[in-house]
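A.B. asks:
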Amino acid sequence: MILLAFVLQTIRIAIPYLLAAAGGVISERVGVIALGLEGMMLAGAFGAVLGSYYGGSAWVGLACAMLAGVIVALIMALCTLRYRADQVVVGIAVNLLVIGATRFFLRLSFDSASNSPRVDGFGGEGSGLGVMASFSNPIVWIGLLALPVLGWLLFRTPFGLRVRAVGEKPEAAATLGVPVRSLQLRGLLLCGILASLGGAYLALDQHQFTDSMTAGRGFIALAAIIFGRWMPLRVAAACLLFAAAETLQIQLQGAQLVPSQFVELIPYVLTIVALAGVVGKSVPPAALGKAQ
Amino acid sequence: MRRTLYLLGALVAAHLLLLTITPSGATIAPEGEGLDIGIVFDVGGRGDKSFNDGAYLGGLLAADSLSARVRYIEPGEGSDREAGLRLLAAEGMDLVLAVGFIFTDDVLTLAKDYPDVKFAGVDYALSFDDAGNPLPLPDNLVALKFREEEGSFLVGAMAALVGESKKVGFIGGMDIGLIHKFEAGYRAGVMHVCPDCEVLVQYAGVTPEAFKNPGKGKELALSQYNQGVNVIYHASGSTGLGVFEAARTTGKLAIGVDADQYAEAPGHVLTSMVKGIDAAVFDAARAVQDGTFQGGVRVFGLAERGVGYVYDDNNRALIPDSVRTRLQALEEDIIAGRIRVPSTR
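In order, the protein sequences belong to chains V and D.
Residue numbering for the first sequence follows the numbering used here, beginning at 1 and increasing consecutively.
Residue numbering for the second sequence follows the numbering used here, beginning at 1001 and increasing consecutively.
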């Protein structure tokens, strides 16, 4: 029973990480650094609440979340692909832009810069914590399947081969007739959609949007991508590992065994360890950050 | 080159267009004879349904009954907090209010820079000299402080009496002294009525983000409810919205903070530990109006009705009469000094 509670909580915490990390893997596999994940998630969370509030259904919210993610991805694409701006700078700028923009539109729509009213989500009041309640949420399914499907897509299909070629050596891919720019754009848009679903999960689970409610989850996803060495299944394992650490901290904190600061460090320490090459070599796609 | 210029032109046009939009929240206070009051909100801003909205209510009250002109500034992230205060001070406001402990250093500096402007800091954090005495404040600065531990003591006692469980929960936002005050009072309240009870204490994090992470709040609360806790008290800003969400999901109870948070989860909010921020803000405004403003520290506890808990038509059904009677007795004991509530853990 305790084990089941642990697993369920780990999954609930991991879903936003899994979705954002899936988006980030595609983005980085086509050579665009996924620093904007946090912004895409936040935009998705806001879009979900806006859609669910005005559309009256969580499904409309889901659609609006994806739209918001696509808009943010298009802004990134415009800056990095069209105008070749530095990807790191653009990523950080996009995150800040979304924080400001969500506050601005929050005030316009709901007359408050911090919270939205309550909206419809998946699962109602008193739905409990059981297996059924957790898995009746469609975003949970999308989150669990995203990275395995992505793994199949990247390594078992011609499309995946092209994506990887673009991320490793775009010039070579271009000489073979692969539409580099178009693939990069599609990769970024897919990234926006997936990451925004991660944000939508957070917002619909709370039935509410709160200013900056993603609270750094996009960066944890980025850490998972690096720790998982850009391999979808390993990235999924990394997401689950980070979520399990957080669950452990939540469960242990009551007992005051481990300082909470320590557990909050885990994802970042592991990422540094991975980058330092302690657990095998961590090699990013060769053309990462150099989109042509 | 020409295309870049067009693009720039379009951007400038869009920017100018956006400047004309007035968010519906930014209503300009009615013109009047009275004071000019400026209020700068804490992180979270208006609509947080607790802390800042309390200050907003106080401002409204001052606008209504003192016909004061009130201006509100909602700073975003980072360093423009001080800029907001400075702007108001430089405009020659009669009273500038800074809402939140985060303004402590800024408001002290500005009070020295603008000796003619009166300042008030809600939840101002006093500094102490080596001997442990508080450092004196400038004449034009009043620190409005609350004995949160006293209100927390009462809701702690209520949680233990109503909860029908030997375990009660507490969820804090950022792990800092200010929040430890709530925890210490709450724990003392629980222990006073139920010495063999256990208080589960969890914090959402160690950065200011811990005050706006409802996802984390929900998971923390779910794990406490899972361990047999029936009532959770939160002192965690927007993170607490997740605690209410968890109460809804599991059908258990939560206790709100700062303002009456009943509307967050009707039927699942046992009560709220309220701080009379509105009254404190209004008092400061009236003192300036009457010319009785005095610098220094003003502390609002149970005796001053500065803190308390909500007991009204909404939650009367959740609180048995015997519990209500017991709490009233405890309240008298605290006011009379028969019970000393600790403010540190």
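Ideal Cβ positions, reconstructed from N, Cα and C, are used throughout, including at glycine.
Where do the N-terminal and C-terminal ends of the alpha helix (DSSP H) with K1112 of chain D fall, by residue?
C.D. replies: Within the second sequence, residue 1112 of chain D is the residue found at index 112, counting from 1. Run containing K1112 of chain D: 1104–1113, per the alpha helix (DSSP H) assignment.
A.B. asks: Give the range of the beta strand (DSSP E) segment to which T1271 of chain D is assigned.
C.D. replies: Locating residue 1271 of chain D in the second sequence gives position 271, where the first residue counts as 1. From DSSP, the beta strand (DSSP E) with T1271 of chain D extends over 1269–1275.
A.B. asks: If you follow the beta strand (DSSP E) that V293 of chain V is part of, which residue opens it and which one closes it?
C.D. replies: Residue coverage of chain V in this structure runs from 1 to 292, which leaves residue 293 of chain V outside it and unanswerable.
A.B. asks: Quick one: measure Cβ to Cβ for L147 of chain V and P232 of chain V, integer angstroms, because I've assumed they're closer than 8 Å.
C.D. replies: The residue given as residue 147 of chain V occupies position 147 in the first sequence. The residue given as residue 232 of chain V occupies position 232 in the first sequence. About 4 Å; that satisfies the 8 Å criterion.
A.B. asks: With H, G and I counted as helix, E and B as strand and the rest as coil, what does DSSP make of N115 of chain V?
C.D. replies: Within the first sequence, residue 115 of chain V is the residue found at index 115, counting from 1. When DSSP states are grouped into helix, strand and coil, N115 of chain V belongs to the strand group.
A.B. asks: Using 8 Å as the threshold, is the region 1061–1071 of chain D in touch with the region 1292–1304 of chain D, meaning 3 or more CB pairs across them?
C.D. replies: no
A.B. asks: Beta carbon of V1168 of chain D, beta carbon of V1199 of chain D: below 8 Å?
C.D. replies: Locating residue 1168 of chain D in the second sequence gives position 168, counting from the first residue. Locating residue 1199 of chain D in the second sequence gives position 199, counting from the first residue. Yes, the pair counts as a contact, with Cβ atoms nearer than the cut-off.
A.B. asks: Can you confirm whether N1213 of chain D, when its beta carbon is compared against all beta carbons of chain V, has any partner nearer than 8 Å?
C.D. replies: Looking up residue 1213 of chain D in the second sequence gives position 213. Interface residue, yes.
A.B. asks: Would you say D1158 of chain D and Y1262 of chain D are within 8 Å of each other, going by their C-beta atoms?
C.D. replies: Position 158 of the second sequence, counted from the first residue, corresponds to residue 1158 of chain D. Position 262 of the second sequence, counted from the first residue, corresponds to residue 1262 of chain D. Sequence check: residue 1158 of chain D is Met here, not Asp. Contact flag unset, no.
A.B. asks: Which residues in chain D sit within 7 Å of A238 of chain V, going by Cβ to Cβ distance?
C.D. replies: In the first sequence, residue 238 of chain V corresponds to position 238, counting from 1. Within 7 Å Cβ-Cβ: nothing; A238 of chain V doesn't reach chain D, min ~19 Å.
A.B. asks: In whole angstroms, what is the alpha-carbon distance linking S1223 of chain D and V140 of chain V?
C.D. replies: Translated into the one-based positions of the second sequence, residue 1223 of chain D becomes position 223. Translated into the one-based positions of the first sequence, residue 140 of chain V becomes position 140. Cα-Cα distance, rounded: 19 Å.
A.B. asks: Is any beta-carbon of chain V found at less than 8 Å from that of P1030 of chain D?
C.D. replies: As a working mapping, residue 1030 of chain D is identified with position 30 in the second sequence. With a pLDDT of only 46 at P1030 of chain D, under 50, the local geometry of the prediction cannot be trusted, and the value read off the model is given with reservation. So no, P1030 of chain D is outside the interface.
A.B. asks: Counting only beta-carbon atoms, is N95 of chain V nearer than 8 Å to chain D?
C.D. replies: Residue mapping note: residue 95 of chain V aligns to position 95 of the first sequence, counting from 1. It does not: the Cβ of N95 of chain V has no partner Cβ on chain D nearer than 8 Å.
A.B. asks: Starting from L1318 of chain D, find everything on chain V with Cβ-Cβ shorter than 7 Å and list it in chain order.
C.D. replies: Here the question's residue 1318 of chain D lines up with position 318 in the second sequence. Residues of chain V passing the Cβ test: none, with the nearest at roughly 16 Å.
A.B. asks: Counting beta carbon pairs with one atom in the region 52–70 of chain V and one in the region 80–93 of chain V, are three or more of them shorter than 8 Å?
C.D. replies: Short answer: they don't touch.
A.B. asks: Just to confirm, are A1055 of chain D and I1277 of chain D a CB contact at a threshold of 8 Å?
C.D. replies: The residue you call residue 1055 of chain D lines up with position 55 of the second sequence. The residue you call residue 1277 of chain D lines up with position 277 of the second sequence. Yes, these two residues count as a Cβ contact at 8 Å.
A.B. asks: Which whole-angstrom value describes the C-beta separation of G1100 of chain D and D1123 of chain D, a residue pair presumed to lie in contact below a C-beta threshold of 8 Å?
C.D. replies: Within the second sequence, numbered from 1, the residue matching residue 1100 of chain D stands at position 100. Within the second sequence, numbered from 1, the residue matching residue 1123 of chain D stands at position 123. Sure, about 6 Å apart at Cβ, within 8 Å.
A.B. asks: Could you spell out where the alpha helix (DSSP H) holding R186 of chain V opens and where it closes?
C.D. replies: Position 186 of the first sequence holds residue 186 of chain V. Taken as a continuous stretch (DSSP letters only), the alpha helix (DSSP H) holding R186 of chain V covers 180–206.
A.B. asks: Since G1059 of chain D is in the alpha helix (DSSP H), which residue starts that stretch and which ends it?
C.D. replies: Within the second sequence, numbered from 1, the residue matching residue 1059 of chain D stands at position 59. Residues 1051–1065.
A.B. asks: Could you spell out where the alpha helix (DSSP H) holding L1085 of chain D opens and where it closes?
C.D. replies: The residue labelled residue 1085 of chain D in the question sits at position 85 within the second sequence. Element bounds for L1085 of chain D: 1080–1090.
A.B. asks: What's the call for R107 of chain V, buried or exposed, on a 16-neighbour Cβ count within 10 Å?
C.D. replies: Position 107 of the first sequence, counted from the start, is the residue given in the question as residue 107 of chain V. Burial call: buried.
A.B. asks: With DSSP collapsed to three states, give me the class of M1426 of chain D.
C.D. replies: The structure shown does not extend to residue 1426 of chain D, since chain D is modelled only from 1001 through 1345, so no value can be given for it.
A.B. asks: Specify whether the region 1208–1226 of chain D and the region 1133–1142 of chain D touch according to this definition: at least 3 beta carbon pairs, one from each stretch, less than 8 Å apart.
C.D. replies: no
A.B. asks: Of the residues that make up the region 210–237 of chain V, which ones have a beta carbon closer than 7 Å to any beta carbon in chain D?
C.D. replies: So the close ones are T210, D211, S212, M213, A215, G216.
A.B. asks: Pick from D:L1318, D:V1288, D:R1305: whose alpha carbon is nearest that of G1034 of chain D?
C.D. replies: As a working note, residue 1034 of chain D is residue 34 in the second sequence. Comparing alpha carbon positions, the residue from D:L1318, D:V1288, D:R1305 closest to G1034 of chain D is D:V1288.
A.B. asks: Alpha carbon to alpha carbon, how far is R164 of chain V from L154 of chain V?
C.D. replies: Numbered from 1 along the first sequence, position 164 holds the residue referred to as residue 164 of chain V. Numbered from 1 along the first sequence, position 154 holds the residue referred to as residue 154 of chain V. Cα-Cα distance, rounded: 7 Å.
A.B. asks: If V1341 of chain D and I1334 of chain D are in contact, beta carbons under 8 Å, what's the gap, nearest whole angstrom?
C.D. replies: Along the second sequence, read from residue 1 onward, the residue named residue 1341 of chain D stands at position 341. Along the second sequence, read from residue 1 onward, the residue named residue 1334 of chain D stands at position 334. Contact holds; Cβ gap of about 6 Å.
A.B. asks: Using only the alpha-carbon positions, how far apart do E1264 of chain D and L1253 of chain D sit?
C.D. replies: As a working mapping, residue 1264 of chain D is identified with position 264 in the second sequence. As a working mapping, residue 1253 of chain D is identified with position 253 in the second sequence. Distance between the alpha carbons of E1264 of chain D and L1253 of chain D: 12 Å.
A.B. asks: Leaving aside the five residues before and after K1118 of chain D along the sequence, list all residues of the same chain whose C-beta is less than 6 Å from its C-beta, in chain order.
C.D. replies: As a working note, residue 1118 of chain D is residue 118 in the second sequence. L1095, N1140, V1288, F1293, listed in sequence order.
A.B. asks: State whether the region 164–176 of chain V contacts the region 244–251 of chain V, with contact taken as three or more CB pairs (one from each stretch) at a distance under 8 Å.
C.D. replies: no
A.B. asks: Looking at the structure shown, is Q1227 of chain D part of a helix, part of a strand, or coil, going by DSSP?
C.D. replies: Start at 1 with the first residue of the second sequence, and residue 1227 of chain D comes out as number 227. The answer is coil: DSSP assigns Q1227 of chain D none of H, G, I, E or B.
A.B. asks: Could you tell me if T1394 of chain D is buried or exposed, where buried requires 16 or more neighbouring beta carbons within 10 angstroms of its beta carbon?
C.D. replies: Absent from the structure is residue 1394 of chain D, since the part of chain D shown begins at 1001 and ends at 1345.
A.B. asks: Using a Cβ-Cβ distance cut-off of 8 Å, determine whether L1035 of chain D contacts chain V.
C.D. replies: For this step, residue 1035 of chain D is matched to residue 35 along the second sequence. Not an interface residue.
A.B. asks: Alpha carbon to alpha carbon, what distance is there between V131 of chain V and F1211 of chain D?
C.D. replies: As a first step, residue 1211 of chain D must be located in the second sequence, where it is residue number 211. As a first step, residue 131 of chain V must be located in the first sequence, where it is residue number 131. The alpha-carbon atoms of F1211 of chain D and V131 of chain V are separated by roughly 29 Å.
A.B. asks: According to the neighbour-count rule (16 or more other Cβ atoms, all chains shown, within 10 Å of its Cβ), is G51 of chain V buried or exposed?
C.D. replies: For the purposes of this step, residue 51 of chain V is taken as the residue at position 51 of the first sequence. Buried is the call here.
A.B. asks: In the DSSP assignment, find the unbroken alpha helix (DSSP H) run with F1119 of chain D in it and report its ends.
C.D. replies: Taking the first residue of the second sequence as 1, we reach residue 1119 of chain D at position 119. Looking at the DSSP string, F1119 of chain D is not in any alpha helix (DSSP H); the run it does join, the beta strand (DSSP E), is 1118–1122.
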